[in-house]
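The opening residue of the sequence shown carries number 0 in numbering that gives the first Met the number 0; numbering runs sequentially from there.
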Amino acid sequence: MDVGNNQNSKIIVAAGSVTMTSKPQLPVTDIPQSELDAVRRAWVELSVRDERVRTASDAIERLTGGGPRLAVVAGPPGYGKRAAGIKALWEVSQAEERSRGKALKLQAIAPDWEKPGSPDIAELPDEPGTCYLLDVAAEISSWHKPGLVAEQLVGYAEELKFSGSFLVVIADEHGWPDGVSGAVAGVIVHATARPSAHRVVRSHLEYVHHVPDRIQWLNIAPAGAGSAGEAAHVLTDGSSPEDAARLATNLASAEDSPEGLKKALSSFQEWRTDVKDVFTKTEAKPDDRALLISSLFLTGKDALTIQDGARALLGDSPETNVRTILTGPDLTTRLMSMGAEVKGRTVSLDHKSGYARAVLLHLWQQRADIHPHLLRWLDTITAPKGPGADRLAAIGDLLVELAVAENDIRVVKQIHAWIDKGADSTEHRELIARVLTVAAEADTLGVEVRALLLDSAQDESEAVATVVALVCQGEFAEHYPRQALVRLRHILDRPDTDDAVRTAQEALRDIAARDGQLSRVWSAVIKWATEKKHLAGHRAFLSLLDPRANPYVLQVVLVAAEQKEDIREALVDGWNAALADTRVEAECRQLLAAWAEARKAADMPTELLTDLLNQIMLGHLVASPVSALIFGEPGVADSEAVIDLRKDLRLPPVLSSLIATRERASVES
0 MDVGNNQNSK IIVAAGSVTM TSKPQLPVTD IPQSELDAVR RAWVELSVRD
50 ERVRTASDAI ERLTGGGPRL AVVAGPPGYG KRAAGIKALW EVSQAEERSR
100 GKALKLQAIA PDWEKPGSPD IAELPDEPGT CYLLDVAAEI SSWHKPGLVA
150 EQLVGYAEEL KFSGSFLVVI ADEHGWPDGV SGAVAGVIVH ATARPSAHRV
200 VRSHLEYVHH VPDRIQWLNI APAGAGSAGE AAHVLTDGSS PEDAARLATN
250 LASAEDSPEG LKKALSSFQE WRTDVKDVFT KTEAKPDDRA LLISSLFLTG
300 KDALTIQDGA RALLGDSPET NVRTILTGPD LTTRLMSMGA EVKGRTVSLD
350 HKSGYARAVL LHLWQQRADI HPHLLRWLDT ITAPKGPGAD RLAAIGDLLV
400 ELAVAENDIR VVKQIHAWID KGADSTEHRE LIARVLTVAA EADTLGVEVR
450 ALLLDSAQDE SEAVATVVAL VCQGEFAEHY PRQALVRLRH ILDRPDTDDA
500 VRTAQEALRD IAARDGQLSR VWSAVIKWAT EKKHLAGHRA FLSLLDPRAN
550 PYVLQVVLVA AEQKEDIREA LVDGWNAALA DTRVEAECRQ LLAAWAEARK
600 AADMPTELLT DLLNQIMLGH LVASPVSALI FGEPGVADSE AVIDLRKDLR
650 LPPVLSSLIA TRERASVES
């Protein structure tokens, strides 16, 4: 196999193709096709005042004007900054295709900095022929040295010229430090106007969703003419292009009937009219409002359970006065008047998609005093024997929607508090981890949630640390692998090998086995083990190279060690550090035996494995794990693989003679 143009990389083939770079880069994902279709087919650059919106065109000028390959699109939320950035990159890609015959890749960079307050620009990817989008709008205000980072970004973008790549950064309104220098100021594009939402929704219906006939629903009636379209006044002059795109999606997927259109519009408007009507007609009926709240969290339960939940929220006991019991509308009538659907005895709000979220948002915004009472009530109903214990996932999802919409970390902290208060089971922890994962990846709230996870990784509670490890084992590690590793390091530093540590070890191995992640994990683990000498590093090193769980990592690292001396040295250094730490003696002993077994496997480089073991053992003959492997232990029957290994070790003559004598005696006995 011939390999070329691979500067600063090491090509390793083991169980597939693996590339280990000297500096692991931030993860990237392809920009979704739906977003590319929108800027390619349905671009709108006129404002509501028919003025040209220059955000995208100005970004193109910054990218292609001969300066650094960088455009920083800055402005408030709702101005279509991301779409403008993608449009600029797409146009640049098309220009490259016209001039050079090949379009550029369009990819989004995840801001997975190890220290979000101090971004390391050296970790940005620099693949040739790529248009990158980096959104830091939610975090740029927390940068400790924004001027320095901005200057480094400009320098990085200068280097992109040599690889034929480009970068668009999305920033907030005030975070980019354009006063630092002319070079830093020269790359900024201010989003001061937004595309007309009315034009965006029409364009999307026709060119993205291909349902131009539905544009009639948006028609505004001329003065003195007939009635306007049913959706004509849903958007306002202040609506964002994102709102318009969402409305187009709702209208395109609606059932083609008056009822289907009404439902689509109510869903888009987040049922604001319906919810307002319900709260207006129940101003003097707290019992009915409590029923509605109970229904949205306990949907799918029977009516009596919903009623009991409402009473618990109000702090009421069951009614004992017969006259009162027989007074007023029936329970089913009351529930239906709140917007619930009752079939048999089952109550549900699922027939109105988004209605439960809309009620909760209204309650959270308009009745702020209810916040602590509502959260305490949720604690009660989600307790192990509570009526909502089996709905923890759905309730958690609903609360995350609330937290993201309101950018309210308190709601996430409430979910977090359920870790120790709920059922002590794997299922319970996995549910909480899934909910926290969604919150951690939210555009704005995610920054605070990721900080919460960092604090929680250092929590004394085994359950809390275990949940963080589960988060790091899931989708979070796809988008934020470096931050996942930092949190796992803290968990692996726990004094005892408990469930949290074992889960963290599993998560570490899982991340390492993912496509393109091994170099990142290896680089981090070797640093922990040899430079920092953390207990976490020794545990991570031993766990990562354990072929019993998954031989893949050991196979790849050994093949790399055959080709590169620095990796071989890192292996020896890692072993030396682990063997010097008495806290991991048992793990060292087990891994040495596992490596002895691995020598027999056909897909392992046997000679290298033996040489490494020789080098490691000669430096640690008096260490307990090494002596156990060489001499054996009382009452422990060694495997055939271990006995074979002893024969191949290059030990001092006296030790070799002693081992042979012991083994003969063992056979004779």
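Every residue, glycine too, gets a C-beta built ideally from N, C-alpha and C.
{"Asked": "Could you check what DSSP says for Thr345 in three-state terms: helix, strand or coil?", "Found": "strand"}
{"Asked": "Which term fits Ser694, buried or exposed, when burial requires 16 or more other beta carbons within 10 angstroms of its beta carbon?", "Found": "Lying before the first or after the last residue shown, residue 694 is absent from the chain, which here runs from 0 to 668."}
{"Asked": "Using the C-alpha atoms, what's the distance from Gln151 back to Met337?", "Found": "56 Å"}
{"Asked": "Within this structure, are the beta carbons of Val708 and Arg193 separated by less than 8 Å?", "Found": "Here the chain comprises residues numbered 0 to 668, so residue 708 is not present and cannot be evaluated."}
{"Asked": "Per DSSP, which residues does Ala73 bridge with? Please list them.", "Found": "Ala170, His189"}
{"Asked": "Name the two residues that bound the continuous beta strand (DSSP E) containing Val27.", "Found": "27-29"}
{"Asked": "Can the beta-carbon of Phe475 be found closer than 8 Å to that of Ala511?", "Found": "no"}
{"Asked": "What residues in its chain sit with their C-beta under 7 Å from that of Gly223, if we drop five residues either side in the sequence?", "Found": "Below a pLDDT of 50, predicted positions are generally treated as unreliable, and Gly223, at 47, falls in that range; no measurement from the model is reported."}
{"Asked": "Leaving out the 5 sequence neighbours to the left and right, which residues in its chain are closer than 7 Å to Asp458 when beta-carbon positions are compared?", "Found": "Ala464"}
{"Asked": "Mind checking His537: buried by the 16 CB within 10 Å criterion, or exposed?", "Found": "buried"}
{"Asked": "If the criterion is Cβ atoms closer than 8 Å, does the pair Val556 and Trp521 meet it?", "Found": "yes"}
{"Asked": "Between the alpha carbons of Asn218 and Arg48, how many angstroms are there, rounded?", "Found": "18 Å"}
{"Asked": "Once you ignore the five residues that flank Leu391 on each side, which residues in its own chain have a CB closer than 6 Å to its CB?", "Found": "Thr381, Leu430"}
{"Asked": "When DSSP labels each residue in this structure, what does Lys284 get in the three-state scheme?", "Found": "coil"}
{"Asked": "In chain order, what residues of the same chain have a beta carbon less than 8 Å from the beta carbon of Pro386, not counting five sequence neighbours either side?", "Found": "Leu297, Lys300, Thr304, Asp307, Gly308, Ile380"}
{"Asked": "So, helix, strand or coil for Arg51, using DSSP?", "Found": "strand"}
{"Asked": "Can you tell me the Cβ-Cβ gap for Ala442 and Ala137, rounded? I've got them flagged as a contact below 8 Å.", "Found": "One detail in the question is off: residue 442 reads as Asp in this sequence, not Ala. Right, the Cβ-Cβ distance comes to about 6 Å (below 8 Å), so this counts as a contact."}
{"Asked": "In the DSSP assignment, the alpha helix (DSSP H) including Thr425 goes from what residue to what residue?", "Found": "425-439"}
{"Asked": "Tell me which same chain residues have a C-beta within less than 7 Å of the C-beta of Glu282, skipping the five on either side of it?", "Found": "none"}
{"Asked": "Are there three or more Cβ pairs, one per stretch, closer than 8 Å when the stretch 326-336 is compared with the stretch 366-373?", "Found": "no"}
{"Asked": "Using the Cα positions of Thr496 and Arg310, report the straight-line distance between them to the nearest angstrom.", "Found": "45 Å"}
{"Asked": "Can you tell me the Cβ-Cβ gap for Leu313 and Ala355, rounded? I've got them flagged as a contact below 8 Å.", "Found": "Wrong, their Cβ atoms sit about 20 Å apart, outside the cutoff."}
{"Asked": "So, are the CB atoms of Leu611 and Ala597 less than 8 Å apart?", "Found": "no"}
{"Asked": "Could you give the C-beta distance for Ala548 and Arg508, rounded to a whole number, given that I count them as a contact under 8 Å?", "Found": "6 Å"}
{"Asked": "Touching or not, the stretch 78-98 and the stretch 122-141, by the rule of three or more beta carbon pairs under 8 Å?", "Found": "yes"}
{"Asked": "Please list the terminal residues of the continuous beta strand (DSSP E) segment that includes Asp134.", "Found": "129-134"}
{"Asked": "With distance defined between alpha-carbon atoms, name the residue in Lys532, Lys531, Leu166 nearest to Leu69.", "Found": "Leu166"}
{"Asked": "Below 8 Å on the Cβ atoms is my guess for Ala37 versus His203; work out the distance and round it to an integer in Å.", "Found": "7 Å"}
{"Asked": "What does a CB cutoff of less than 8 Å around Glu269 pick up in its chain, not counting 5 residues either side in sequence?", "Found": "Gly353, Arg356, Ala357, Leu360"}
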